[in-house]
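This is the structure in C-alpha cells:
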C-alpha cells in the first residue's frame with residue numbers, strides 16, 4: 368500500500384503494478400472535529416482562527432492538517448492564524464488584500480517596491496501571492512470581465528514562468544505591469 372499526493376513522483380514501473388484510488392477532500396465539519404479532538408488529546412492551544420487557517424491551507428487533506436498542526440505547535444507552542452501562516456510561509460488574507468489594494472491603486476514603482484518590501488519582511492513567495500490573489504481579483508466587482516480574463520491569463524503565465532525558474536523580481540514586475548494596464552479601467 369502506497370499513499371501519496373503526487374502520483375507523478377512514483378516511478379512508472381511501480382505505478383503499472385498498482386491500483387489507483389482517488390479520495391475526495393474531507394468535509395470541513397469532519398476536519399474541524401478531528402482537529403479539535405487531536406488538539407484536546409495532545410493538550411494543544413488551538414484557537415478558532417488557527418483551526419480555520421489549517422483547514423483552508425490543507426484543502427481537505429487530513430494528513431496535511433495534522434502536519435501543519437504538529438509543525439505549528441513544535442515551532443510556536445500555540446496554534447493561531449498568525450502562527451499557522453508563519454509556520455507554513457503562506458500569506459495572511461490581510462496581506463493578500465493589502466497587495467491587491469497596492470496593485471490596483473498605486474503607480475508602478477510604488478507598487479513594486481511596496482510588494483517587494485512586504486515579501487522580504489514576511490517571507491512570502493510570489494507563487495503564494497499569485498495563488499491567493501486570483502480569488503481576490505475575481506471578486507472585485509469594479510474590474511470588467513474582459514480585464515479579469517486578461518489579468519488571470521497574465522497571472523497564469525507568470526506562475527508558469529516561475530515554475531520553470533524565471534526570477535521572482537522580473538515576474539513581480541510583470542504582475543505589477545499587468546495590473547497597471549487594467550487599473551485605468553476601474554471606476
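Residue numbers (my numbering): 368 to 554.
For every residue, glycine included, the Cβ atom is placed at its ideal position computed from N, Cα and C.
Exposure of residue 538, with buried meaning 16 or more beta-carbon neighbours within 10 Å: Taking every protein chain shown into account, the CB of residue 538 has 16 or more other CB atoms within 10 angstroms, so this residue is buried.
Pairwise C-alpha distance: residue 486 and residue 500: Rounded to the nearest angstrom, the two C-alpha atoms are 14 Å apart.
So, do the segment 450 to 464 and the segment 526 to 536 have three or more beta carbon pairs nearer to each other than 8 Å? The answer is no - the segment 526 to 536 does not touch the segment 450 to 464, with fewer than three Cβ pairs under 8 Å.
In chain order, what residues of the same chain lie with their CB nearer than 8 Å to the CB of residue 435, ignoring the 5 residues before and after it? The answer, listed in chain order, is 421, 424, 425, 451, 454, 455.
Determine the contact status of residue 514 and residue 464, defining contact as a CB-CB distance below 8 Å. Contact flag unset, no.
Where are the alpha helix (DSSP H) runs, 4 residues long or more, that stay fully inside the segment 409 to 433, in chain order? Segments of the alpha helix (DSSP H) lying fully in the segment 409 to 433: 415 to 425.
Out of 441, 547, 389, which one is the CA nearest neighbour of residue 517? The shortest Cα separation from residue 517 among 441, 547, 389 belongs to 547.
Coil, strand or helix - residue 445 by DSSP: Three-state DSSP puts residue 445 in a strand.
Cβ-Cβ distance between residue 526 and residue 480 below 8 Å: 8 Å or more divides the Cβ of residue 526 from the Cβ of residue 480.
Drop a sphere of 10 angstroms on the beta-carbon of residue 502, count the other beta-carbons inside from all chains shown, and report buried for 16 or more, exposed for fewer. That one is exposed.
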